[in-house]
Amino acid sequence: MNFKENIFLIAFLPIVLLLYYILPKKARWGVLLASSLIFYILSSGIFTFIMLGTSVTIYVAGLLMQKINDNFKKQKSIEGITKEEKKLLKKKATNRKKLVVLAIVIINFGLLLTLKYGNFFLGTINIVFGTTIPPLSLILPLGISFYTLQAVSYVIDVYRGTCKADKNFGRVLLFVCFFPQIIEGPIGRYDKLAGQLYEGHSFDYDKFMKGLQLMLWGLIKIMVIADRAGIFVGNVFEKIYDADGSIILLGVLLYTIQLYADFSGCMDLVKGIGQLFGIEMADNFRRPFFSTSVNEFWRRWHITLGAWLRDYIFYPISLSKFFANLSAKAKKNFGDFLAKFLPSAFALFFVWFINGLWHGAEVKYIVYGLYYYVVMMLGLLFEPLFVKITNALHINRKSKPYFVFQVIRTFLLVNLGMLIFRANTLFDAWYALCAIFSKFNGDIFATSVLSYKLHIYDFVVIAIGAVALFIVGVLQERGHHLRDEIAKKNIVIRWIIYFVALFILIIVGAYGEGYRVADFLYAQF
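In the numbering used here, the protein residues as written are 142 to 666.
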């Protein structure tokens with residue numbers, strides 16, 4: 142089932158909302174659990190058992206760690222116990238909890254690696270050793286890349302004491318499979334999301350209407366812009382060796398627009414659906430194309446994935462004893478800069494390698510992740526030089542022209558990453574990059590641009606949509622809360638805005654011959 146499908150928007154969601162608000166508050170989390178399970182079963186069938194298995198493992202792990210904590214508290218409160226004995230008991234308890242966490246990580250990431258990367262590893266073995274092991278018949282369960290990260294975060298947070306283990310399996314299961322976030326996230330944290338799921342919210346008209354507005358805006362992004370741009374992009378990258386450099390460049394730019402409109406549009410849908418139930422879910426986008434550096438871009442794009450990698454990969458590695466010793470030696474021999482740089486450089490390598498691998502079982506995704514790693518490391522290394530150059534040229538780094546330069550520079554670097562990400566193979570990506578510079582004959586201005594299954598009308602719609610996204614982004618960057626401002630308008634003006642938006646979706650949305658209700662792009666990851 143897809144959030145864009147009529148069966149979801151017209152039947153499933155209204156029924157769930159009706160049941161949620163007519164039943165007593167104590168029973169409302171049960172409605173969310175039942176509807177989430179039905180949604181997952183309809184979407185994944187037999188693979189629901191894999192998601193249930195993940196939920197069981199983290200539930201049991203939470204209870205085991207809670208039991209270890211309770212036993213430690215009892216033992217340390219025994220009369221006459223010494224400080225040294227307490228330290229020893231604490232160390233034993235910590236080691237036991239570490240074993241529980243390690244087991245959960247191995248089980249759940251082992252399952253993810255097998256299902257998602259099994260054939261990739263087999264193919265690599267065949268290439269390296271000249272074997273002919275046949276590929277496995279593996280199907281990836283819906284949302285496994287997302288809910289695995291979310292599930293493991295629960296166990297680690299219980300270990301760290303960020304949240305307490307929940308004794309109710311149904312509530313842990315709901316945290317894992319809550320239907321709005323199961324397809325593409327956002328990747329939630331137990332301490333911020335779980336309480337909202339179980340609370341049982343009263344109907345709030347303002348929040349409900351804002352949720353509908355956000356859903357409508359998300360659908361416009363997806364069906365007016367992303368799905369339309371995707372037709373041109375798909376045709377360009379399937380015929381990459383026949384395309385002019387100008388066509389390829391346009392294809393890359395439109396893919397960037399497509400991916401942003403699709404992914405952020407899906408997040409608007411998810412957050413909007415959550416708000417219908419009174420639930421506020423984590424932000425996953427914050428106007429990334431206004432970023433002045435690649436680092437900032439990734440703090441604004443897929444925010445919850447970046448936060449997960451930061452909290453559970455980067456910090457544990459960079460703050461480990463090994464890197465603390467390395468930093469101390471580097472400071473002694475090479476100075477403060479390398480002492481700070483080396484731990485971050487090593488930790489970020491693992492972060493970006495995992496980021497790339499998380500997106501898919503292909504070498505191009507690993508290269509995609511490491512591309513950003515290299516860009517960021519070069520930025521850190523040459524930052525002192527850039528500062529000297531701008532000072533020597535008397536450039537005001539806080540001026541608007543310099544800000545625009547930084548935004549454009551970042552946009553170009555991101556588009557290069559998008560080329561690697563979208564190309565069918567690394568060879569295709571390399572060819573496309575070379576063609577942009579060596580095969581640029583200006584066919585974009587000729588009739589050939591219309592041979593990629595889009596009418597000139599479609600390009601106009603995409604252009605207007607991109608401008609609309611830009612204007613909305615500018616207003617939001619300047620502190621405007623557009624939904625709040627719309628809510629304050631006269632009721633007539635307010636409903637005119639709603640109907641115009643709905644009219645645009647119905648009339649301009651990508652329907653009819655050549656179009657279909659496409660899956661969300663990030664759902665494949």
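Quick reminder that beta carbons are idealized off the backbone N, C-alpha and C, glycines included. As the structure is a prediction and not an experimental result, all values here were calculated from the model.
Please go through the same chain and pick out, in chain order, the residues whose beta-carbon is closer than 7 Å to the beta-carbon of residue i, but skip the five residues on each side of it.
| i | result |
| --- | --- |
| Leu753 | In the structure as shown, the chain starts at 142 and stops at 666, and residue 753 therefore has no counterpart that could be examined. |
| Lys412 | Leu355 and Met422 |
| Glu654 | Low local confidence applies: a pLDDT of 48 at Glu654 is under 50, so the model's placement there is unreliable, with the coordinate-based value given in what follows. So the list is empty, once near-sequence residues are dropped. |
| Val615 | none |
| Ala448 | none |
| Gly650 | Met364 and Val365 |
| Lys232 | none |
| Gly194 | none |
Distance check for residue j and residue i, CA to CA, integer angstroms please.
| i | j | result |
| --- | --- | --- |
| Met559 | Gly386 | 16 Å |
| Ser184 | Ser176 | 12 Å |
| Leu334 | Gly341 | 13 Å |
| Ser434 | Phe523 | 13 Å |
| Ala570 | Ala564 | 5 Å |
| Gly171 | Glu220 | 45 Å |
| Lys481 | Met518 | 13 Å |
| Ile645 | Trp636 | 14 Å |
| Asn143 | Tyr382 | 34 Å |
| Leu338 | Asn267 | 47 Å |
| Lys505 | Gly406 | 25 Å |
| Ser286 | Tyr161 | 28 Å |
| Asn496 | Leu290 | 12 Å |
| Gly392 | Phe180 | 35 Å |
| Leu557 | Asp298 | 36 Å |
| Ile612 | Asn474 | 51 Å |
| Phe600 | Lys166 | 49 Å |
| Gly419 | Ser343 | 7 Å |
| Ser540 | Phe546 | 10 Å |
| Asn466 | Asn212 | 34 Å |
| Ala607 | Leu521 | 32 Å |
| Phe527 | Pro542 | 16 Å |
| Phe149 | Ile187 | 20 Å |
| Leu574 | Ile561 | 9 Å |
| Ser485 | Phe320 | 36 Å |
| Asn631 | Ile151 | 28 Å |
Per DSSP, which one or two residues make a beta bridge with residue i?
| i | result |
| --- | --- |
| Trp442 | Phe426 |
Should residue i be labelled buried (16 or more other beta-carbon atoms within 10 Å of its own) or exposed?
| i | result |
| --- | --- |
| Trp442 | buried |
| Phe568 | exposed |
| His535 | exposed |
| Glu325 | buried |
| Asp347 | exposed |
| His622 | exposed |
| Arg598 | According to the sequence as given, residue 598 is Tyr; it is not Arg. So Tyr598 ends up on the exposed side. |
| Tyr456 | exposed |
| Gly352 | buried |
| Ser196 | buried |
| Gly620 | exposed |
| Leu450 | buried |
| Asp532 | Looking at the sequence shown, residue 532 is not Asp but Asn. Asn532 should be labelled exposed. |
| Phe262 | exposed |
| Asn147 | exposed |
| Cys318 | buried |
| Ala471 | buried |
| Arg550 | exposed |
Looking only at its chain, what residues have a beta carbon closer than 6 Å to the beta carbon of residue i, apart from the 5 residues adjacent to it on each side?
| i | result |
| --- | --- |
| Ile577 | Gly386, Ile389 and Leu390 |
| Ala370 | Leu395, Ile398, Gln399 and Ile603 |
| Ala502 | Lys257, Tyr258 and Phe261 |
| Ile191 | Pro282 |
| Ile323 | Gly284 |
Is residue i close to the ligand ATP? I mean its beta-carbon at under 6 Å from any heavy atom of the ligand.
| i | result |
| --- | --- |
| Tyr346 | Looking for the ligand ATP in the displayed structure turns up nothing, as the structure carries no ligands at all. |
Just checking my contact of residue i with residue j at CB under 8 Å: how many whole Å lie between their CB atoms?
| i | j | result |
| --- | --- | --- |
| Trp358 | Asp409 | 5 Å |
| Leu483 | Phe494 | 17 Å between Cβ atoms; not a contact. |
| Ile414 | Phe426 | The Cβ separation is near 16 Å, so there is no contact. |
| Ile163 | Ala202 | Ile163 to Ala202, Cβ: 36 Å. No contact. |
| Ile372 | Leu610 | 19 Å between Cβ atoms; not a contact. |
| Tyr295 | Phe316 | 7 Å |
| Phe438 | Val555 | 6 Å |
| Val377 | Ala384 | 6 Å |
| Tyr453 | Leu489 | The Cβ separation is near 14 Å, so there is no contact. |
| Asp332 | Cys304 | 4 Å |
| Val293 | Tyr200 | Not quite, the Cβ-Cβ distance comes to about 13 Å (not below 8 Å), so this is no contact. |
| Leu643 | Leu417 | Rounded, the Cβ-Cβ distance is 17 Å, inconsistent with contact. |
| Lys227 | Lys217 | 5 Å |
| Lys145 | Leu360 | 7 Å |
| Lys308 | Leu204 | 7 Å |
Spatial neighbours of residue i within its chain, please: C-beta separation below 8 Å, excluding the five flanking residues on both sides.
| i | result |
| --- | --- |
| Phe581 | Asp385, Gly386, Ser387 and Leu390 |
| Leu154 | Ile414 and Leu417 |
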